[in-house]
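Residue numbers (UniProt numbering): 1 to 487.
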């Protein structure tokens, strides 16, 4: 039987205080089985252990373990992992030197991730993900998804952040199966941590009404959806959460005969200018988080009209991604401001593993980078921000139902969740065994997040911003001394 491994991907040391084991109780057996059946029916991941019922007594309890797991530490314990399908572990942690306690069940009854239950006035928001195949519990600080950028300093360039994104972001409506890529609305995506939106618009020569499309198809079979409506959702979100920013990647697609240059003037004159200008960052460079808070950042996958090259002291307009490499494994855009993995031609479902390997490789490369920060070990100051790493987990094949976006996401997303928990940021555990830097993920672009309330992938991506929070906490040595004093 495997031993339990605990990985702490937070800036706080945690102390394991007690362990309880639960099995199906004879007293509550029928009710437990009913609860499990209902959970399996509606959860994205099947429950793999009994669900502890209120007031149920554990069959085994170990108190006083007092095992310290330091920040960014992975520890293999002598604790037997839960026996799959037969029992659940309930672990109680506390922060050293305090009475603040947090409880987690391994495995969870539904989706892999769970917000750890706080006892009393415990202040931290912690998310735990249990990987049953290796008996590993990974703990992130990423529960407050609606305002996760509030935890980070203004000085960091946006390219330093680990940012969840969605592919063809507004395609949540009734549509052709190969067209629909998302389970929930843009606003629900934003509320749950998404900060990169991939937008495609149809452009006509004589109208600046921009219809949202996916390739040549409208995103809804019940009527056109417009960019103006989507932008209002973004503006409303930023007004409610001014600590956040949203990266807006806009591309021209569809059957319209308008040009890139016309799209640029429509956006400049109607959507990103006038009264809305204050809501946009349109300089042709990577901004700091402080510069971008409360604003949308324009990433343009289109060429601009000659008149717009006079913007921003003759430097142009928008972050330039017009020369976007097609169907690529790892290539820069023409401006060098983005580095892309966007291999999307998955002809057969057997090729999905290849796509997963590409995504892991790009994550490992993003993980290597180091940014200057007051308490980031070995950080090297840089004059210009390093480029965005953009990692599409998405692919599709219009002619093969097993390779439509939802089918691919059902395989890719859980695989990346497991990699982010077990392999990412661990020396020697990446595909190429590259060195580990700040362990960021870059921009990770996904399909079908939020299905049945499953936000596992987004919580893991946001959680990898932890090293950028180091300068907001005391040194781990202080936490160890508090533990020693308490003992």
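Virtual Cβ for every residue (Gly too), placed ideally from N, Cα, C.
Item: From 464, 429, 428 and 460, residue whose alpha carbon lies closest to that of residue 438; Value: 464
Item: Rounded C-alpha distance that separates residue 284 from residue 334; Value: 13 Å
Item: According to DSSP, residues forming a beta bridge with residue 102; Value: 93 and 118
Item: Span of the beta strand (DSSP E), counted from its first residue to its last, around residue 165; Value: 163-166
Item: Exposure label - residue 164; buried when at least 16 CB within 10 Å; Value: buried
Item: Where the alpha helix (DSSP H) through residue 187 begins and ends; Value: 186-191
Item: Secondary structure of residue 487, DSSP reduced to three states; Value: Interpretation of residue 487 is limited by its pLDDT of 39, a score under 50 that renders its predicted location unreliable; the figure taken from the coordinates is listed afterwards. Residue state, collapsed to three classes: coil.
Item: Which residues DSSP lists as bridging residue 392, in chain order; Value: 445
Item: Contacting residues, own chain, Cβ-Cβ under 7 Å from residue 475 (five flanking each side not counted); Value: Confidence at residue 475 is low in this model, with a pLDDT of 41, below 50, so its placement is unreliable and the value that follows should be read with caution. Excluding sequence neighbours, residue 475 sits near nothing in its chain.
Item: Three-state class that DSSP yields for residue 266 in the structure shown; Value: helix
Item: Coarse secondary structure for residue 207, derived from DSSP in three states; Value: strand
Item: C-alpha gap between residue 199 and residue 251, whole angstroms; Value: 6 Å
Item: Same chain, Cβ closer than 7 Å to residue 179, neighbours up to 5 away in sequence not counted; Value: 171, 214, 217 and 219
Item: Validate contact between the region 139-159 and the region 3-23 using beta carbons, cut 8 Å, 3 pairs; Value: yes
Item: Three-way DSSP call (helix, strand, coil) for residue 326 in this model; Value: coil
Item: Anticipated Cβ contact below 8 Å, residue 385 with residue 150, distance rounded; Value: At roughly 21 Å, the Cβ-Cβ gap does not stay under 8 Å, so residue 385 and residue 150 are not in contact.
Item: Where residue 425 falls, given that 16 or more other Cβ within 10 Å makes a residue buried; Value: buried
Item: Of the listed residues 328, 96, 369 and 237, nearest to residue 392 (C-alpha basis); Value: 328
Item: Beta-carbon proximity check, residue 155 vs residue 90, cutoff 8 Å; Value: no
Item: Assigned secondary structure, residue 219 (DSSP; H/G/I helix, E/B strand, else coil); Value: coil
Item: Check whether residue 248 and residue 296 have beta carbons under 8 Å apart; Value: yes
Item: Residues that residue 253 bridges to, as DSSP identifies them; Value: 202
Item: Within 8 Å, strictly: CB atoms of residue 320 and residue 300; Value: yes
Item: Beta strand (DSSP E) runs contained entirely in the region 258-322, provided each spans 3 or more residues; Value: 296-301
Item: Buried versus exposed call for residue 290 [16 or more other C-beta atoms within 10 Å across all chains shown]; Value: exposed
Item: Counted within 10 angstroms of its Cβ, other Cβ atoms place residue 167 as buried (16 or more) or exposed; Value: buried
Item: Beta-bridge partners of residue 461, as assigned by DSSP; Value: Bridge partners of residue 461: none, in fact.
Item: Cβ pair residue 135, residue 255 closer than 8 Å; Value: no
Item: Cβ pair residue 346, residue 340 closer than 8 Å; Value: no
Item: Whole-angstrom C-beta distance between residue 212 and residue 203, which should lie under 8 Å; Value: Between residue 212 and residue 203 the Cβ distance is about 12 Å, and since that is not below 8 Å, they are no contact.
Item: Distance between residue 193 and residue 534 (C-alpha atoms, nearest Å); Value: A query on residue 534 cannot be resolved here, the shown segment of the chain reaching from 1 to 487 and no further.
Item: Given residue 68 as reference, the closest of 105, 8 and 127 once Cα atoms are compared; Value: 8
Item: Residue nearest to residue 121 in terms of C-alpha spacing, selected from 108, 130, 101 and 105; Value: 101
Item: Under 8 Å between C-beta atoms of residue 237 and residue 308; Value: no
Item: Residue 75 - DSSP class collapsed to helix/strand/coil; Value: strand
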